[in-house]
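Worksheet for the structure shown next.
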Amino acid sequence: MNILQCTGYVKDRYPIYVSTDADFSDLPALLPVSQKRIVIIDEKLKQLFPHVLGLLTQNETHIFPIGATEDNKSLKGLETLFDAIFDLKPSRDDIIIAIGGGLVTNIGGLAGSLIMRGIRFYYIPTTLTSQIDASLGSKQAVNFRDAKNWLGTYNDPEFCYVNPYFLDTIPKRAFNSQVIEGIKLCLATDQALFTATFKQLENLYSAPLEQRIDFIEKMIAAKLAVLAKDLLEENYGMSMLYGHTIGHAIEMLDHEHISHGEGVGIGMLAAARISHALGLADQHLIDIHMEVLDRLGLPTKIPPHITPAHILEKLSYNKKNYGGKIHFVLLKGIGQMADHAGDYFTIVPPAVISAVLEESY
Ligand SMILES: NC(=O)c1ccc[n+]([C@@H]2O[C@H](COP(=O)([O-])OP(=O)(O)OC[C@H]3O[C@@H](n4cnc5c(N)ncnc54)[C@H](O)[C@@H]3O)[C@@H](O)[C@H]2O)c1
13 MNILQCTGYV
23 KDRYPIYVST
33 DADFSDLPAL
43 LPVSQKRIVI
53 IDEKLKQLFP
63 HVLGLLTQNE
73 THIFPIGATE
83 DNKSLKGLET
93 LFDAIFDLKP
103 SRDDIIIAIG
113 GGLVTNIGGL
123 AGSLIMRGIR
133 FYYIPTTLTS
143 QIDASLGSKQ
153 AVNFRDAKNW
163 LGTYNDPEFC
173 YVNPYFLDTI
183 PKRAFNSQVI
193 EGIKLCLATD
203 QALFTATFKQ
213 LENLYSAPLE
223 QRIDFIEKMI
233 AAKLAVLAKD
243 LLEENYGMSM
253 LYGHTIGHAI
263 EMLDHEHISH
273 GEGVGIGMLA
283 AARISHALGL
293 ADQHLIDIHM
303 EVLDRLGLPT
313 KIPPHITPAH
323 ILEKLSYNKK
333 NYGGKIHFVL
343 LKGIGQMADH
353 AGDYFTIVPP
363 AVISAVLEES
373 Y
């Protein structure tokens with residue numbers, strides 16, 4: 013049976029459809045008739061799902077395949093795209109459809125936000141990370157020089173279409189690293205959901221469709237709950253950044269070999285160690301992080317070629333560095349962020365960061 017249901021709204025702003033249609037045949041009816049369709053698609057997806065591309069093609073459809081690399085998620089990458097789109101003489105009624113993981117949806121979202129001060133754009137996320145995290149919310153950004161997501165804006169797509177059949181072509185290691193974005197939020201905000209999810213971690217990759225959908229819907233609900241409290245991710249929404257301070261730095265230092273989720277996994281473990289070092293949390297928090305990474309078969313150590321000095325240097329360019337002070341989201345326990353009168357960022361002295369980094373090899 014094919015089910016297309018609207019599982020919720022991002023703070024009453026745009027719907028998230030969850031479909032179990034193996035043919036994706038419910039997709040075309042969701043899209044408006046428009047003069048031009050500008051389809052920005054991960055080039056890998058173009059090969060893997062030509063059928064979906066066919067479904068999206070109407071009279072004037074222009075397809076722009078993009079390699080999913082952090083280098084392409086840049087001002088330069090956007091400029092190349094804008095050059096090609098500009099030549100099409102687009103109008104404000106045209107639409108952008110972004111199909112791919114978080115990289116491509118971020119590029120498509122920012123392109124849609126900037127062209128003529130904003131045209132309608134639609135998300136079709138194809139990785140677990142993008143289905144449960146990157147495509148939910150309003151953050152659109154690209155990297156600038158060495159800084160991740162440094163140039164961007166807040167703006168909404170018209171909808172987000174989630175279909176778990178896209179995930180069938182994702183290898184196990186990549187899939188498990190993407191589970192991290194869901195676990196991250198449970199660890200930071202929801203102990204009961206963490207406990208329920210923790211039990212499923214080992215076999216989620218090979219789980220039957222119903223179990224996968226259940227996981228996806230629960231993770232979407234968890235993120236929507238956070239966005240409902242803090243859409244612009246200025247206070248409680250900082251939970252989304254758990255593990256990202258060190259995670260982003262590691263990912264940027266070797267994005268050829270370390271995926272976003274793997275970086276965030278190591279970053280979460282480092283954050284748990286910092287929480288412990290600052291006396292906020294006990295050893296159990298570190299142990300549970302280790303167990304999560306072990307169950308998912310993800311790395312627990314920083315690769316030796318990335319030195320603490322490299323990481324500290326990267327942190328100095330990070331968005332989480334204010335006035336030379338490096339901020340972390342830290343936990344007091346599972347589901348409990350450390351907060352300072354409603355501020356969920358904790359300033360961590362460089363000596364503590366260095367000591368924890370030394371422990372992380
Ligand atoms: N805006 C946000 O709130 C937010 C949140 C999380 C992540 N992000 C961003 O998202 C990006 C990471 O996104 P991601 O983890 O979704 O991965 P990705 O877009 O980098 O894709 C990872 C790999 O999976 C491949 N791929 C995509 N869909 C596939 C499929 N269905 N089958 C097989 N292979 C597939 C891609 O070609 C690529 O090789 C980062 O740039 C990160 O900064 C943004």
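Counting from 13, one number per residue, gives the positions in the sequence shown under the numbering used here.
We put the CB at the ideal spot given by N, CA and C, even for glycine.
- Burial is judged here by how many other beta carbons sit within 10 angstroms of a residue's own beta carbon; Glu91 has fewer than 16 and is exposed.
- Residue nearest to Tyr173 within the set Glu303, Ala41, Pro361, Asp242 is Ala41 (criterion: CA-CA distance).
- Between Leu148 and Ile28 a beta carbon distance of about 7 Å is seen, short of the 8 Å cut, so the two are scored as contacting.
- DSSP places Asn161 within a strand segment (E or B) once states are collapsed to three.
- In the DSSP assignment, Ile50 falls within the unbroken beta strand (DSSP E) covering 49–54.
- Judged by DSSP secondary structure, Gln212 falls outside any alpha helix (DSSP H); it is assigned neither H nor E.
- Residue ranges of uninterrupted alpha helix (DSSP H) with 4 or more members, entirely inside the stretch 244–286 and ordered along the chain, are 256–265.
- Rounded to the nearest angstrom, the Cβ distance from Arg104 to Pro176 is 34 Å, too far for a contact under 8 Å.
- Within a 10 Å sphere around the beta-carbon of Arg157 sit fewer than 16 other beta-carbons, which makes this residue exposed.
- Taken through DSSP and simplified to helix, strand or coil, Asn84 comes out as coil.
- Just measuring C-alpha positions, the residue of Ala110, Ser31, Asn118, Asp106 sitting nearest Leu87 is Asn118.
- At the C-beta level, Asn167 and Ser125 come within 8 Å of one another.
- If only uninterrupted alpha helix (DSSP H) runs of at least 4 residues are considered, those enclosed by the stretch 167–213 are 184–201, 203–210.
- Proximity to Ser218 across Ala233, Val191, Ala240 peaks at Val191, based on C-alpha coordinates.
- For Leu343, the secondary structure class from DSSP, reduced to helix, strand or coil, is strand.
- Ranked by Cα distance from His339, the first of Pro362, Thr319, His317 is Pro362.
- Using a 10 angstroms sphere on the CB of Asn215, the tally of other CB atoms stays under 16, which defines it as exposed.
- Counting the other CB atoms within 10 Å of its CB gives Thr358 a total of 16 or more, which places it among the buried residues.
- For ligand 1, no non-hydrogen atom lies closer than 7 Å to the CB of Gly249.
- Judged by DSSP secondary structure, His63 falls within the alpha helix (DSSP H) whose first and last residues are 62–68.
- If you check the CB distance, Ile52 and Gly120 come in under 8 Å.
- In its chain, beyond the 5 residues on either side, Ile278, Ser372, Tyr373 have a beta carbon closer than 8 Å to the beta carbon of Lys313.
- Counting only runs of at least 3 residues, the stretch 79–146 fully encloses the following beta strand (DSSP E) elements, listed from N- to C-terminal order: 107–112, 132–137.
- Here Ser31 carries a strand assignment [DSSP, helix/strand/coil].
- For Ile75, the closest alpha carbon among the candidates Ile97, Pro183, Leu290, Ala240 is that of Ile97.
- Cβ neighbours of Tyr254 within its own chain (closer than 7 Å, five residues either side excluded): Lys196, Leu199, Ala200, Met280, Ala283, Val341.
- Under the three-state reduction of DSSP output, Val22 falls in the coil class, being neither helix nor strand.
- Annotation for Tyr356: Asn247, Tyr248, Met250, Ser251, Val341, Met349, Ala350 place their beta carbon closer than 8 Å to its own, counting only its chain and skipping 5 residues before and after.
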